Amino acid sequence: MFEHVQSRQQQRKFAFTWEYACQKNGWYNDLYLDQAVRYNLLLPHRFFFLPKKVIGTIEFIPYNPLSEHSTVEGEDRGKFSHYSDIMEYQKETWEIDKLCLHEDYQRKGYFKGFMEIFYTHAIQYKPKFYLALIEKKFYRMLKIIYRFAIEQRGDELVGTGQTLVPIVFDVEEMMKNRSLVQKILNESKDSFK
């Protein structure tokens, strides 16, 4: 269960959840760009009249390798602009940023809820690629789930306390595998029952 962040209240909840994760993990909090598309991952209540709790966040940003605000391209980041396939489909490429699941809900199956968000964004915006810098453990998990659609591009970025992997997620290729997409979506829905 999720919501597309459109109101100030939804943005406040997004910022509260994301900034808590930044503080807890020592992450840098990038700017909230106007062209970004944000979603809150929600924990449903048994009682429909109670407000739903935000337990995770994700942001999609149109990829612009020349932007000083790019979260994936530049000095001490990925070098995705060096790849001809990425540049050929630049207008259909999105950066993934501000992806977090609150620590109280980690390792309990709730991460699968993000799959429905990815699917919704993919249907609406028709991306060819998603680009991201993700933690090494997280990369391994995604590689298991998505198999062929996730690829490391470039050297790992080793920093203080974490190693980030520059990845390309071939969304178009993934969406062609309808049976795998349906399986992942079913698992996503089951994780919130």
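To convert a position in the sequence shown, counted from 1, into our numbering, add 896.
Glycine included, C-beta positions come from ideal geometry on N, C-alpha and C.
Keep in mind the model is a prediction, meaning the values are calculated, not measured.
Considering only C-alpha positions, which residue in the set LEU1029, TYR1006, ASN921, GLU964 is nearest to GLU871?
-> Absent from the structure is residue 871, since the part of the chain shown begins at 897 and ends at 1089.
Exposure of HIS978, with buried meaning 16 or more beta-carbon neighbours within 10 Å = Position 82 of the sequence shown, counted from the start, is the residue given in the question as residue 978. So HIS978 counts as exposed.
For THR1016, which of helix, strand or coil comes out of DSSP?
-> Counting from one through the sequence shown, the residue named residue 1016 turns up at place 120. For THR1016, the secondary structure class from DSSP, reduced to helix, strand or coil, is helix.
Residue nearest to ILE954 in terms of C-alpha spacing, selected from LYS948, ALA1045, ALA917, GLU1068 | Locating residue 954 in the sequence shown gives position 58, where the first residue counts as 1. Closest by alpha carbon: ALA917.
Pick out whichever of MET983, LEU927, GLU899, ASP926 has its Cα sitting closest to the Cα of VAL1064.
-> Residue 1064 sits at position 168 when you count from the first residue of the sequence shown. Nearest of MET983, LEU927, GLU899, ASP926 to VAL1064, Cα basis: MET983.
Quick one: residues in its chain with C-beta nearer than 6 angstroms to the C-beta of GLU1068, no 5 flanking neighbours on either side, listed in chain order?
-> Start at 1 with the first residue of the sequence shown, and residue 1068 comes out as number 172. The answer, listed in chain order, is LYS1024.
Alpha carbon to alpha carbon, what distance is there between LYS949 and VAL1061?
-> Stepping through the sequence shown from its first residue, residue 1061 is reached at position 165. Stepping through the sequence shown from its first residue, residue 949 is reached at position 53. Between VAL1061 and LYS949, the alpha-carbon positions lie close to 30 angstroms from each other.
ASP1066: which of LYS1022, LEU1053, GLY1050, ILE1080 sits nearest, CA to CA?
-> Within the sequence shown, residue 1066 is the residue found at index 170, counting from 1. The shortest C-alpha separation from ASP1066 is found at LYS1022.
GLN1020 versus HIS900: straight-line alpha-carbon distance, rounded = Translated into positions along the sequence shown, residue 1020 becomes position 124. Translated into positions along the sequence shown, residue 900 becomes position 4. Spanning the two alpha carbons is a distance of roughly 12 angstroms.
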